[in-house]
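In what follows, a structure is listed as structure tokens, so that the remarks can point back to it.
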Amino acid sequence: MILRSKKSSIKKTNLLDNSILLNNYGSEAFDFSIKDNKDIFVCSKSKELDLIELDQLLQTVGWSRRPTRRVKRALESSILVVGLWRHDNKFPRLIGFARCTGDGILEANIWDVAINPVYQGLGLGKELMKYILKILKNIGISRVTLFADAEVIKFYKSQGWSLEPRKTKCAFWYAN
Ligand SMILES: CC(C)(COP(=O)(O)OP(=O)(O)OC[C@H]1O[C@@H](n2cnc3c(N)ncnc32)[C@H](O)[C@@H]1OP(=O)(O)O)[C@@H](O)C(=O)NCCC(=O)NCCS
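As numbered in my numbering, residues 1 to 176 make up the sequence shown, in order.
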């Protein structure tokens, strides 16, 4: 179940000229600033990701490295891949990421939600999640699931996610 988050950290939106936003970040990008921070941040589902930069970002949150070729294929097979950039006209920096798998019609599963530790605690993770859920809703997907590590359950709960709602339970099967 998804509810709207009560609090928002956003200070301003639509800070970039429309043509700059479109040229740099593609369609349906969302630019915003955060309270007590001078940077402009942009969520985009269209801007191409540099796999090395993505690998570096995921390393900053302590995740083990995955072979680039497999990551590339995983991204190609995802129904939604979202980057969060700290805007710069010349060198935008990837500071957040998440992706979704699913059938693209009814169901989606969110994976690999990560914000560079330097930018954590500013509300960016919450904005990234809102952006993803808005896009999924726009394409008609009404059931979204994810696996959360125990230490980040509060992050999702504070945004209205329910832990195993309606008596559903998770089941896992591992090949080894
Ligand atoms: C989890 C993560 C994406 C959160 O991003 P963030 O930008 O720091 O989160 P926000 O600043 O938007 O926080 C939103 C809310 O969640 C809470 N929160 C954020 N990270 C939290 C954490 N690790 N544990 C508990 N609560 C957390 C915040 O206190 C805030 O609460 P509020 O709305 O009541 O003020 C980020 O910490 C991260 O990348 N962690 C490492 C990777 C990871 O564990 N990803 C999740 C995989 S399941």
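A virtual CB, placed ideally from N, CA and C, is assigned to each residue, including glycine.
Hey, would you say the C-beta of Leu146 is under 8 Å away from at least one heavy atom of ligand 1? Leu146: yes, Cβ under 8 Å from ligand 1.
Does the distance from the CB of Glu28 to the CB of Ser9 come in under 9 Å? No, the pair does not count as a contact, with Cβ atoms beyond the cut-off.
What is the DSSP secondary structure of Arg86, counted as helix, strand or coil? Under the three-state reduction of DSSP, Arg86 is assigned to strand.
Nearest residue (CA-CA) to Asp55, options Leu128, Asp112, Ile139: Relative to Asp55, the option among Leu128, Asp112, Ile139 whose CA is nearest is Asp112.
From the DSSP output, in three-state form, read off Ile132 for me. If DSSP states are grouped into helix, strand and coil, Ile132 belongs with the helices.
Cut-off 6 Å between Cβ atoms - residues of its own chain near His87, not counting five sequence neighbours on either side: Residues Ile40, Val42 of the same chain have their beta carbon placed closer than 6 Å to that of His87, with the five preceding and five following residues left out of the count.
By how many angstroms is the C-alpha of Glu48 removed from the C-alpha of Arg93? Approximately 12 Å, taken between the alpha carbons.
Counting only C-beta atoms, is Asn138 closer than 9 Å to chain B at any point? Any reference to chain B falls outside this structure, which holds one protein chain only.
Considering only residues of the same chain and omitting the five flanking positions on each side of Leu3, which have a CB-CB separation below 7 Å? Since pLDDT at Leu3 reaches only 41, below the 50 mark, its modelled position is unreliable, and the value read off the structure follows with that caveat. Excluding sequence neighbours, Leu3 sits near Gly160.
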